[in-house]
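Going by the working numbering, 151 is the number at position 95 of the sequence shown; the sequence numbering is gapless. Quick reminder that beta carbons are idealized off the backbone N, C-alpha and C, glycines included. Note that this is a predicted model, so its numbers are computed, not measured.
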Amino acid sequence: MKKIAGLLLLVMLIAHTGCGPKVSDVFKKYEGDFAKKREQFKAIAGALPSQGNRNAVKQCTEISPPIEFNEKTRTYNTEMVMFENLSDPDAKPKMDIAPNGELLNAIQWTGPKNPMSSTVLDERAGDMESRLKAALDYRYLVVNRVADLRDPVAMDEKTYMPGQVRIETFVVDLKDNTPVCSFTIEAQSASTVSYSYKSDQSKQEQLEKFAHSTMWEDARKKLIAGLQKAGAKIELN
């Protein structure tokens, strides 16, 4: 009897692991919740000070409760986006320094331009629902708005005019869409850079791309440093 009972339990466990909603089912269930988040993003875009008027919001010092953004443990209470993503979550900004949590992803996944393949959508949902629920409860949204961008320009295959970017960063409380604080990032490309290229690629274009990446790295580093200065707990992969 024990052997039969054990076999029945094993069959039940196997059947259970094969059951449950698909990823697409979970996304369908939460479409309405994240459609509201899309509208909230648009409202936040309208609530931010006009460009160049960042001082209308106090400088970031100590944020309480602190920002939590841990890519290694997937523990977040904050999403980070570029300003363009407020009006269009599916946008691909030219200068995107924001590491994303799962709120922006969830808005994209439940939207009309879901980037996931049909194969993934047909898989079992696993912990997907708990991840979506957690994203709905984020406390903060970090918005990065490019105020000025000058891309590196190659003069020849070895030299270029360095690029620079100025970004206005706002920490917004998602409870009431209020900007909590802000700071400015000023980043530059490296003065010199090594680059690689293929035979069918333009050396000057590759030089510009690699120089641009050093400017991106400088801006990302200063974004994280600015948030950590205000007490943020951040771990990136």
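**Report entry** Residues sharing a beta bridge with residue 290, DSSP
**Finding:** 125
Requested in this report: Evaluate residue 164 with the Cβ neighbour count: other Cβ atoms within 10 Å of its Cβ, from every protein chain shown; 16 or more gives buried, anything less gives exposed.
Outcome: buried
**Report entry** Residue from 239, 253, 230 with nearest C-alpha to residue 224
**Finding:** 239
Requested in this report: Consult DSSP for residue 221 and reduce its assignment to one of helix, strand or coil.
Outcome: strand
Requested in this report: For the alpha helix (DSSP H) holding residue 271, just list the boundary residues, first then last.
Outcome: 259-285
Report task. Give the secondary structure of residue 49 by DSSP, where H, G and I count as helix, E and B as strand, and everything else as coil. Result -> Because residue 49 is not part of the residues shown, which for the chain are 57 to 293, the question remains open.
Query raised in the report: Can you name the residues that DSSP bridges to residue 297?
Result: No statement about residue 297 is possible, as the shown extent of the chain runs from 57 to 293 and does not include it.
Query - Cβ pair residue 90, residue 166 closer than 7 Å - result: yes
Query raised in the report: Which partner residues does residue 131 have in the DSSP bridge list?
Result: 126
Query - Cut-off 6 Å between Cβ atoms - residues of its own chain near residue 76, not counting five sequence neighbours on either side - result: 180
Query - Pairwise C-alpha distance: residue 88 and residue 82 - result: 12 Å
Query raised in the report: For residue 139, does the three-state DSSP call read helix, strand or coil?
Result: coil
Query raised in the report: By Cβ distance, which residues of its chain are closer than 8 Å to residue 170, with the 5 residues on each side in sequence left out?
Result: 83, 164, 177
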